[in-house]
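For what it's worth, numbering that gives the first Met the number 0 labels the leading residue of the sequence shown as 0, then goes sequentially. The block underneath contains the structure these notes are about, expressed in structure tokens.
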Amino acid sequence: MVDRLVEFAQKRPYSIILAVLLFRFAYLFVNGLDLIGDESYYWDWSRRPDWCYYSKPPMVAWLIGLSTWLGGDYTAVVRLPAVVLGTVFLVFFYAVANVFFNRKAAAIALLMVLAMPFNALANLVMTIDPPLYCFWIISLYFLHNALFKQQPYAWFWAGLATAAAVLSKQTALLLPLVVGVFLALDYDRRKLFKREFLIYLAPIIVCIIPILLWNQQHDWVMFGHSKGHFGVKESASWIKRLDDTASFEFYQMLLATPVLYPAILMMTWRAGFKFKQLTAKEQFLLLSGPFLLAIIIVLSLIQKVQGNWPIPFYFSALILLAGQYAEGNWQKTMPRGLLTGFAMVLITYALPLLIQIFNLHHTVVDPTYRFRHWHELASAIDSERRNIISDQQQTFILTLGHRYLASELAFYLPDHPKTFRYEPSGLITSQYEVWPGPINYIGKQGLIITEQNPDQIPVELKSAFQSFKEVATVVNPMNINSPYHLYLGSDLKSWPPQKANF
């Protein structure tokens, strides 16, 4: 069966991609899943276009903003760019595998990436990852043409694609580093440092400059946030580190299948010991994927690593694995890996329906809890809001708690109000603290929404208003033991200033 599938993929790769596009487009409108917190958070960013934000570059906000400008503020419209980017990704992924190897390798690579659960998720949820993956693979395509076909214009197009990837996520800065290492290791190509490599870097530098200027004007908050992801916490015990490492490895098994993930690790280990014997193309693929994956795995041994960090590194790894399969290797592993992967992808898409059929909501086997109840919660809060407040325009919405509460209410409340967030520490911990607080509402009232009881409300927040009282409670559909409290603060006197993080 797998052989027939590979044969069909060789003959009709774009038919497969078109079928996947149609399925994902239909699934977009019928899955019934609310936006997760990150999606609504980035949607809120999109309402205020900028060159950078608290934790990430601007591409995700720009794309969501374009989509909602064309189609309105609806859940499916927010996610539509993920489907479009995912389709472009598949086209270029196939093309990259084809130019590095051949049509057979490209066909098996296409099937492998479609059998990856991470690919299914990346085409459902609109976060920073879909644009990163799309522009990363486009970069690899043009870098191949620049390095191995000596196409002079390909350097510039590769630079544009990498610049777009950098505007999506800071991880893309590894691409020019990989190219530099490859050129340094290849004696015959070192001459490309003089001109061609600089042409490649030019668009990247142009896009980095406004990000740097924005951060200079905002106390370097993005760099402070990124820095927080690295470094060993002295208080973490070796047991905790082992647990984090085990969790990371288990997560990779789920994202890249328990068959193909070990195969990628084994391939990386073998190739590393015979690096000089590999062709230049194989060396580049190894540097741009498997070696970076190995570095992340080592990093996971000494600190906590997010499970999605290494996903772009799988692209080159899968293509290299496909090339080896086309040459006669991994003949038993590949069919098992594909069948396992497609089964996992099928389960991923069917999960919302399965959870509903078997009534598994809020159980340990329900990974869809992050996608549920925000619309329901916003409707309940809006009903209370209309009963309490007669003049909505003169009342601002303020949340106390996680940033997701502010962004989800901003999206799912019918009027999409501008929401504010109070951070008790006074530090900048989200984009809501980067933006100005409700300073334009001095003298007006605010509706404060939080899970905190009256005696847990910070004194500084209460004293910012002339009067402060609880006016309603709303059932929390995600945790019935922790209802949401609604408070009305009258006559805002002042707004506490935020502190810089460092």
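Backbone N, C-alpha and C fix where the C-beta goes; we use that ideal spot for every residue, glycine too.
Endpoints, alpha helix (DSSP H) assigned at S167: As a first step, residue 167 is located in the sequence shown; it is residue number 168 there, counting from the start. S167 -> no alpha helix (DSSP H), and no H or E assigned at all.
From W156, L291 and S389, residue whose alpha carbon lies closest to that of P309: What you label residue 309 is simply residue 310 of the sequence shown in a count that begins at 1. The candidate whose alpha carbon is nearest that of P309 is L291.
Beta-carbon proximity check, L526 vs I441, cutoff 7 Å: Outside the displayed span of the chain (0 to 501) sits residue 526, for which this structure offers no information.
Contact check, L487 vs V473, beta carbons under 7 Å: Taking the sequence shown and counting its residues from 1, one reaches residue 487 at position 488. Taking the sequence shown and counting its residues from 1, one reaches residue 473 at position 474. Contact: no.
Simplified DSSP state of S462, which is helix, strand or coil: For the purposes of this step, residue 462 is taken as residue 463 along the sequence shown, with counting starting at 1. Reduced to three states, the DSSP call for S462 is helix.
At least three beta-carbon pairs within less than 8 Å, the segment 424-442 to the segment 369-379: no
N-terminal and C-terminal residue of the beta strand (DSSP E) that L446 is part of: For the purposes of this step, residue 446 is taken as residue 447 along the sequence shown, with counting starting at 1. L446 -> beta strand (DSSP E) spans Q444 to T449.
8 Å contact criterion, which T394 and Q444 should meet: CB distance rounded: Numbered from its first residue, the sequence shown carries residue 394 at position 395. Numbered from its first residue, the sequence shown carries residue 444 at position 445. Right, the Cβ-Cβ distance comes to about 5 Å (below 8 Å), so this counts as a contact.
Whole-angstrom distance between K103 and F7, CA atom to CA atom: Position 8 of the sequence shown, counted from the first residue, corresponds to residue 7. Position 104 of the sequence shown, counted from the first residue, corresponds to residue 103. Cα-Cα distance, rounded: 10 Å.
D187 in three-state terms, based on DSSP: Taking the sequence shown and counting its residues from 1, the one referred to as residue 187 is at position 188. It is helical.
Contact under 7 Å by Cβ, V95 with L139: By 1-based counting over the sequence shown, the position of residue 95 is 96. By 1-based counting over the sequence shown, the position of residue 139 is 140. It is a contact, given that the beta carbons lie within the stated cut-off.
Residues that I396 bridges to, as DSSP identifies them: Position 397 of the sequence shown holds residue 396. Bridge partners of I396: T418 and L446.
V433 versus D390: straight-line alpha-carbon distance, rounded: Walking along the sequence shown from the start, residue 433 turns up at place 434. Walking along the sequence shown from the start, residue 390 turns up at place 391. Spanning the two alpha carbons is a distance of roughly 28 Å.
Where the beta strand (DSSP E) through G488 begins and ends: Numbered from 1 along the sequence shown, position 489 holds the residue referred to as residue 488. Looking at the DSSP string, the run of the beta strand (DSSP E) that includes G488 is Y483 to L491.
Length of the line joining the Cα atoms of A502 and L200: Any property of residue 502 remains undetermined from this structure, which presents the chain solely from 0 to 501.
Contacts around F467, its chain only, beta-carbon distance under 7 Å, and the 5 residues preceding and following it disregarded: Within the sequence shown, the letter at position 468 stands for residue 467. K461, Y486 and G488.
Ranges of the alpha helix (DSSP H) found wholly within the segment 194-233, counting only runs of at least 4: 195-216 and 220-226
C-alpha distance - L142 paired with Y40, whole-angstrom precision: For the purposes of this step, residue 142 is taken as the residue at position 143 of the sequence shown. For the purposes of this step, residue 40 is taken as the residue at position 41 of the sequence shown. Whole-angstrom Cα-Cα distance: 33 Å.
C-alpha gap between R11 and H361, whole angstroms: By 1-based counting over the sequence shown, the position of residue 11 is 12. By 1-based counting over the sequence shown, the position of residue 361 is 362. Distance between the alpha carbons of R11 and H361: 42 Å.
Proximity to F274 [Cα-Cα], best of P209, I295 and D185: Taking the sequence shown and counting its residues from 1, one reaches residue 274 at position 275. The candidate whose alpha carbon is nearest that of F274 is D185.
Collapsed DSSP secondary structure at E24 in the structure displayed: As a working mapping, residue 24 is identified with position 25 in the sequence shown. The question names Glu, but residue 24 is Phe in the sequence shown. Looking at F24 - three-state DSSP - the assignment turns out to be helix.
Run of the alpha helix (DSSP H) containing F314, from where it starts to where it stops: Position 315 of the sequence shown, counted from the first residue, corresponds to residue 314. That run of the alpha helix (DSSP H) goes I310 to A325.
Selection from G436, L412 and P453 that minimises the alpha carbon distance to D72: Taking the first residue of the sequence shown as position 1, residue 72 is located at position 73. Of the candidates G436, L412 and P453, the one whose C-alpha sits nearest the C-alpha of D72 is L412.
Residue span of the alpha helix (DSSP H) that contains G271, given as start and end: Taking the first residue of the sequence shown as position 1, residue 271 is located at position 272. Note, G271: alpha helix (DSSP H), L259 to F272.
Assigned secondary structure, F410 (DSSP; H/G/I helix, E/B strand, else coil): Here residue 410 refers to the residue found at position 411 of the sequence shown. Correct three-state label for F410: helix.
According to DSSP, residues forming a beta bridge with F467: One-based indexing of the sequence shown puts residue 467 at position 468. F467 pairs with G488.
Cβ contact (3+ pairs, closer than 8 Å) linking the segment 268-286 and the segment 304-324: yes
Backbone CA spacing between W219 and D49 [nearest angstrom]: As a position in the sequence shown, residue 219 is number 220, starting the count at 1. As a position in the sequence shown, residue 49 is number 50, starting the count at 1. For W219 and D49, the distance between alpha carbons rounds to 15 Å.
Buried/exposed call for F501, threshold 16 Cβ in 10 Å: Position 502 of the sequence shown, counting from 1, holds the residue named residue 501. In this prediction, F501 has a pLDDT of 45, which is less than 50 and means its spatial position is unreliable; what the coordinates show is noted afterwards. So F501 ends up on the exposed side.
4 or more residues per run - each alpha helix (DSSP H) lying fully within the segment 4-75: 12-29, 36-45 and 58-70
Same chain, Cβ closer than 6 Å to A153, neighbours up to 5 away in sequence not counted: For this step, residue 153 is matched to residue 154 along the sequence shown. Same-chain partners within the cutoff: F141, N144 and A145.
N- and C-terminal bounds of the alpha helix (DSSP H) containing P289: Residue mapping note: residue 289 aligns to position 290 of the sequence shown, counting from 1. Looking at the DSSP string, the run of the alpha helix (DSSP H) that includes P289 is P289 to S299.
Whole-angstrom distance between N328 and E407, CA atom to CA atom: Residue 407 sits at position 408 when you count from the first residue of the sequence shown. Residue 328 sits at position 329 when you count from the first residue of the sequence shown. Cα to Cα, E407 sits roughly 49 Å from N328.
Residue burial classification, S54 (beta-carbon count within 10 angstroms, cutoff 16): By 1-based counting over the sequence shown, the position of residue 54 is 55. Per the 10 Å Cβ criterion, buried.
Contacts around L191, its chain only, beta-carbon distance under 7 Å, and the 5 residues preceding and following it disregarded: Position 192 of the sequence shown, counting from 1, holds the residue named residue 191. Here the set comprises L182.
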